[in-house]
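In this note's numbering, the protein residues as written are 2 to 100.
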């Protein structure tokens, strides 16, 4: 698993493990660790009213992280878990039709 600095403004993935300042996500590019130390975090979306910190994010949650670097803050949107698409559509190939 590689550690990445969150450079892009939006990152989408499934929570593998959540700790105080880091999220391990399964993304379409593979597993990534997102470092959120020193960043003011707001958690919104599904069941967000019961969450106090990153540690409370349940594993396998689908999240969208919106980073605002100039303000040193991030908003984590918890999305409803979606039905996983077939592996072939993740690579950009069209799934084969079966009769």
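Just so you know, even glycine gets a beta-carbon here, dropped at the ideal spot from N, CA and C.
Taking 8 Å as the cut-off, the Cβ atoms of residue 54 and residue 79 do not count as close. Shortest Cα-Cα distance from residue 40 to any of 81, 27, 67 involves 67. Around the beta carbon of residue 29, a 10 Å sphere encloses fewer than 16 other beta carbons of the protein chains shown; the residue is thus reported as exposed. A straight line joining the alpha-carbon of residue 75 with that of residue 56 spans about 15 Å. Excluding the 5 residues flanking it on each side, residue 23 has same chain C-beta neighbours closer than 7 Å at 34, 35, 36, 37, in chain order.
In this structure, 58 is the residue among 43, 58, 52, 21 with its C-alpha nearest to the C-alpha of residue 14. A direct Cα-to-Cα measurement between residue 25 and residue 42 gives close to 16 Å.
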